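To start, the structure under review is shown below, and the notes come after it.
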Amino acid sequence: MNKISLVFQREYLSRVKKKSFLLTTIIVPIVIVGFYIAIIMVSISGNTSTKKIAVIDEGGLFDGKIEANAKNNQLFMLINGETEKSFKSKYQKEDYNSFLYIPKLDYNDPKGIKLHSKSTVGLMDKSHIEGTIDRAIEKKRLSLSRIDPEIYKSIKSDISIDNALDSGTGEKKSVAGLAYGISFAAGFLIYFILMIYGMMVMRGVMEEKTNRIAEVIVSSVKPFQLMLGKILGIGAVGLTQFAIWIVLMGLLQSIIPMIFPEYFQQAQAGAGTIVASGPANMMATISEGLKSIPVALIVFCFVVYFIGGYLLYASLFAAVGSVVSEDQQEAQQLVFPILMPIILGFVIMVKAAGDPNSNLAVFGSIFPLTSPIVMMGRVTYGVPWWQLVISIVLLFATFLLFTWLTGKIYRTAILMYGKKVTWKEMAKWAFKKS
Amino acid sequence: MNLLEVKNLRKYFATQKAVDDVSFTVEKGTIFGLLGPNGAGKTTLLRMITGIFYPDDGEITFDGRKFDPIEDVHNIGYMPEERGLYKKMKIGEQAIYLTQLKGLSKADAIARIKEWFEKFEMQSWWNKKVEDLSKGMSQKLQFVTTVLHDPPLIILDEPFSGLDPVNSNLIKDEMFRLAKKGHTIIFSTHRMEQVEEICDKIVVINRGKKILDGKVSAIRQQYKENLFRISFDQLPVMTDSPIFQVSSSENAALIVKINEGYKTNDLLEFFIRQNASLESFNELLPSINDIFIRLVRDAPAARQFQNVTD
Chain A
1 MNKISLVFQR EYLSRVKKKS FLLTTIIVPI VIVGFYIAII MVSISGNTST KKIAVIDEGG
61 LFDGKIEANA KNNQLFMLIN GETEKSFKSK YQKEDYNSFL YIPKLDYNDP KGIKLHSKST
121 VGLMDKSHIE GTIDRAIEKK RLSLSRIDPE IYKSIKSDIS IDNALDSGTG EKKSVAGLAY
181 GISFAAGFLI YFILMIYGMM VMRGVMEEKT NRIAEVIVSS VKPFQLMLGK ILGIGAVGLT
241 QFAIWIVLMG LLQSIIPMIF PEYFQQAQAG AGTIVASGPA NMMATISEGL KSIPVALIVF
301 CFVVYFIGGY LLYASLFAAV GSVVSEDQQE AQQLVFPILM PIILGFVIMV KAAGDPNSNL
361 AVFGSIFPLT SPIVMMGRVT YGVPWWQLVI SIVLLFATFL LFTWLTGKIY RTAILMYGKK
421 VTWKEMAKWA FKKS
Chain B
435 MNLLEVKNLR KYFATQKAVD DVSFTVEKGT IFGLLGPNGA GKTTLLRMIT GIFYPDDGEI
495 TFDGRKFDPI EDVHNIGYMP EERGLYKKMK IGEQAIYLTQ LKGLSKADAI ARIKEWFEKF
555 EMQSWWNKKV EDLSKGMSQK LQFVTTVLHD PPLIILDEPF SGLDPVNSNL IKDEMFRLAK
615 KGHTIIFSTH RMEQVEEICD KIVVINRGKK ILDGKVSAIR QQYKENLFRI SFDQLPVMTD
675 SPIFQVSSSE NAALIVKINE GYKTNDLLEF FIRQNASLES FNELLPSIND IFIRLVRDAP
735 AARQFQNVTD
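Those protein sequences? They're chains A and B, same order as listed.
Residue numbering for the first sequence follows this note's numbering, beginning at 1 and increasing consecutively.
Residue numbering for the second sequence follows this note's numbering, beginning at 435 and increasing consecutively.
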């Protein structure tokens, strides 16, 4: 036990003391929060630039009057006495961003509308312009069919439904989009962790083998102790990194409202009213939706599946690292079968985040090789407790079994050089009685 | 008193009988040489003695009791043939780590490391990384980390490979000093001249089997060919005699082989009768190198793979 802790300490300290660790640990949250700030900056600055669009309306679609689309920062100016050809060379000089040419239209089959601009018009801008034209054509069609626009308005329906969750205490509003986002993010994070830290374990084992350190260490430590110490040490590095990230992100995020005070006041005001515009509305929805997400359960599951999934896969990666000698390519070949279930888990998780109770999602969240990723994709929607228990028990039981088997492969392989090891041999070592 | 006894040790790999029924004993406080051509099974044998490999068959007795790889960790210092150290780790930290793994406390480890670093003039290395060291330097470091915990049994696999004569001597002297202090040293090599100089006792293995075992002086006696070197102030005219055969001659010296049934006195008498003035006379014992080559000559240069059925 004492020896495992010595190995653990070395693995942990030698990684945490590295400059690259410090760098990634500090830079990642700064980059994420930087993105966040950038998004806010863009959404704020978007309010200020108004696009001027010239319109040549030959058929009188707009009846000489176009409403300014203030919400989308578009200002339409009707131009009279110009043709498409003659105005094409002028509109830029006259400080228009683009100009819209509308010929005489057959309202049942409108054709030939053209938007001229120097550079490609943004997708959003284009769809807003199209919306404006659509409404004008609709109006014309209504009058052609002799329908009062007011009556039409009263007939038209546009509803959005609230999904009330009846499980647990009281009724909560569910926000499907938010649950999906959190599910996906949590599943992706686990996927990412398994890949990054699993590979780190493999490289660590390979380093010990190729530098021939293993033989020195193994003369004073049992191979299994060395393997376990390494796996636990690197796992602790991962936990440390996440802890620092969470603290740093929390700190940085609490700074943001100080940088953009007016923006967040808007958001708080928006939470109170039903109709609010733009991003402030989004913030309100999120804060409302967060109440329906079982945060404590997610954090608990994240930690459990992080530890279980990492331990399970780390032992497999360690076994592969011990089998490889020198050749990087050989490592890639051997590691592929381990990456497959991780990738499979990711694919199932993407589906599960959208459809959490499908058979595939339930299976994936219980099958131990995919459960760490898939269960994170499901847990935001609420999972029956018995599924959670089976999944976790299976995960840790598999971890113990795999560590026992891979430990035997590791013990044999760590001192073998030169020879390429086949799967058959590895299986033989794993199941050999010691 | 024997510190180590190895009895009928056997280790088969899939395609090799790496060690096949080898037995020997190592006395306490002696330097013991394990010799053999490349691929003879030296490293496998040493790995079993250090507890890295479990033998398929046979017994290892350490200090009068059954050898236990886990309990005896602190009793053994092992330097493998392929040197291995963490390249990116600082040398001081690395030495502390390796010594702690042998069961020493950190304070003890540091004190001993300082002592040894001073002796080997390595104090300035403490904060350097292993990747900054030359091959010879890292070899020295590896030797120090092997003996730091003061183990009764020190096992060195090819300790001199890659060392210059100065450092080679440094380690050789240290081996003598450790042996005098009561440590037992087993080392493997294929450089025979070192063996005569250093070892009290040797075992030669070839193709996994022991082919020679004994004290260096006894072995040389055992393999002597009755060759003698006689030097004169002037070569004698007559050298035909039933007593001996001339195997070669130099300026004023003859190397002769005494025929069976005759003694050295007969030889000397023969020359004295001729009034030849003898300057020196000594027996030529075969070097371990000669014996070794003679013993393994019949073996193919490269070990062939074979099928092991057991």
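Note that CB positions come from ideal geometry on N, CA and C, so glycine has one too.
Since the model is a prediction, treat every value here as computed from it, not as a measurement.
Against chain B, a Cβ distance below 8 Å from A/Asn211 picks out Gly518, Leu519, Tyr520, Lys521. Of the residues A/His128, A/Val324, A/Leu100, the one whose Cα lies closest to the Cα of A/Tyr417 is A/Val324. Apart from sequence neighbours up to five positions away, the residues of its chain that approach B/Asp491 with a beta-carbon distance below 6 Å are Arg444, ordered along the chain. For B/Val507, there is no enclosing beta strand (DSSP E), as DSSP marks it with neither H nor E. Per the C-alpha coordinates, the member of A/Ile133, A/Ile53, A/Lys90, A/Lys156 positioned closest to A/Val121 is A/Ile53. Here B/Leu688 carries a strand assignment [DSSP, helix/strand/coil]. Scanning chain A for C-beta atoms nearer than 8 Å to the C-beta of B/Tyr531 yields Leu6, Arg10, reported in chain order. Separation of B/Asp724 and B/Ile620 (C-alpha to C-alpha, rounded to the nearest whole angstrom) is 22 Å.
When the five nearest sequence neighbours on each side are left out, the beta carbons in the same chain lying within less than 6 Å of the beta carbon of A/Gly364 are those of Ile348, Thr370, Val374, in order along the chain. Under DSSP, A/Asn357 forms no beta bridge with any residue. DSSP, reduced to helix, strand and coil, places B/Asn603 within a helical segment of the structure shown. Straight-line spacing of the CA atoms in A/Gly407 and A/Gln9 works out to 20 Å. Note on geometry: alpha-carbon atoms of A/Met199 and B/Leu597 lie some 37 Å from one another. Assignment of B/Asn699 by DSSP, reduced to helix, strand and coil, places it in the helix class. For the segment 691-721 of chain B, the beta-carbon criterion of a distance under 7 Å to any beta-carbon of chain A is satisfied by none of its residues. Residue pairing by DSSP places A/Tyr101 opposite A/Ile56, A/Lys114 in a beta bridge. Interface residue (Cβ-Cβ distance to chain A less than 8 Å): B/Leu535 is classified as such. For B/Tyr446, no Cβ of chain A is located within less than 8 Å of the residue's own Cβ. The beta carbon of B/Ile504 falls within 8 Å of a beta carbon belonging to chain A, placing the residue at that interface.
Non-local C-beta neighbours of A/Tyr410 in its own chain, meaning closer than 8 Å and more than five positions away in sequence, comprise Val205, Pro223, Phe224, Met227, Ala318, Ala319, Ser322, ordered along the chain. Considering only B/Trp559, B/Thr579, B/Lys574, the residue with the shortest C-alpha distance to B/Arg546 is B/Thr579. Sequence-distant partners of B/Thr495 (beyond 5 residues in either direction) whose C-beta falls short of 6 Å from its own C-beta, in its chain, are Glu439. A check of alpha carbon separations from B/Leu535 across A/Asn2, A/Gly308, A/Pro337, A/Lys420 identifies A/Asn2 as the nearest. For A/Lys17, the secondary structure class from DSSP, reduced to helix, strand or coil, is coil. The Cβ neighbour count for B/Asp667, taken over all protein chains shown within 10 Å, is under 16; the residue is labelled exposed.
Closer than 7 Å at the C-beta level to chain B, one finds no residue of the segment 193-210 of chain A.
Residue B/Leu468 holds the alpha-carbon nearest to the alpha-carbon of B/Ile645 among B/Asn693, B/Glu461, B/Ala448, B/Leu468. Distance from the Cα of A/Gln241 is smallest, within the candidate group A/Val7, A/Val28, A/Ile137, for A/Val28.
Counting C-beta atoms within 10 angstroms of its own C-beta, A/Val389 has fewer than 16 neighbours from the protein chains shown and is therefore classed as exposed.
A/Lys90 and A/Glu82 have their C-alpha atoms roughly 10 Å apart.
Unbroken alpha helix (DSSP H) runs of no fewer than 4 residues, entirely contained in the segment 345-390 of chain A, are found at 359-366, 371-378, following chain order. When secondary structure is reduced to three states using DSSP, A/Ile307 falls in the helix class. For B/Gln557, there is no enclosing beta strand (DSSP E), since its DSSP letter is neither H nor E.
Taking a beta-carbon distance threshold of 8 Å, B/Ile486 counts as an interface residue toward chain A. In the DSSP annotation of this structure, the continuous segment of the beta strand (DSSP E) that includes B/Phe678 starts and ends at 678-683.
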